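This report refers to the structure that appears directly beneath it.
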Amino acid sequence: MTVNETTLMAALASVQDPHTGKDYVSTRAVRNLQINGGDVAFDVEMGYPAKSLVPQLRSQLVAAATT
Numbered sequence: 134m135t136v137n138e139t140t141l142m143a144a145l146a147s148v149q150d151p152h153t154g155k156d157y158v159s160t161r162a163v164r165n166l167q168i169n170g171g172d173v174a175f176d177v178e179m180g181y182p183a184k185s186l187v188p189q190l191r192s193q194l195v196a197a198a199t200t
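Everything in the sequence shown is counted per the numbering used here, starting at 134 for the first residue and increasing by one.
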């Protein structure tokens, strides 16, 4: 499956930061987006320590990116 940046960013915008209530796309927290055919990689930069949130956020972002 080939993914394009517009569709991926729209999907990722559905995931909200639990502390701010804002999505990661509109706050420009999604960084280093790379699309290689069906493979996708990106970073999410947070303005606060969030190590305890990583597993939950990773699951939500992966789910959004694969739908």
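Glycine residues also receive a C-beta, built at the ideal position from the N, C-alpha and C atoms.
If you're wondering where the values come from, they're calculated on a predicted model, not measured in any experiment.
Between residue i and residue j, what straight-line distance do the alpha-carbon atoms span, to the nearest angstrom?
{"i": "residue 165", "j": "residue 156", "result": "17 angstroms"}
{"i": "residue 138", "j": "residue 154", "result": "23 angstroms"}
{"i": "residue 184", "j": "residue 178", "result": "12 angstroms"}
{"i": "residue 171", "j": "residue 198", "result": "11 angstroms"}
{"i": "residue 144", "j": "residue 193", "result": "11 angstroms"}
{"i": "residue 195", "j": "residue 173", "result": "10 angstroms"}
Does DSSP put residue i in a helix, a strand or coil?
{"i": "residue 144", "result": "helix"}
{"i": "residue 161", "result": "coil"}
{"i": "residue 174", "result": "strand"}
By alpha-carbon positions, which one of the options ends up nearest to residue i?
{"i": "residue 141", "options": "189, 169 and 188", "result": "169"}
{"i": "residue 189", "options": "161, 150 and 181", "result": "150"}
{"i": "residue 182", "options": "167, 198 and 152", "result": "152"}
{"i": "residue 180", "options": "160, 144 and 173", "result": "160"}
Could you check how far apart the C-beta atoms of residue i and residue j are, in whole angstroms? I think they sit under 8 angstroms.
{"i": "residue 146", "j": "residue 158", "result": "4 angstroms"}
{"i": "residue 175", "j": "residue 163", "result": "5 angstroms"}
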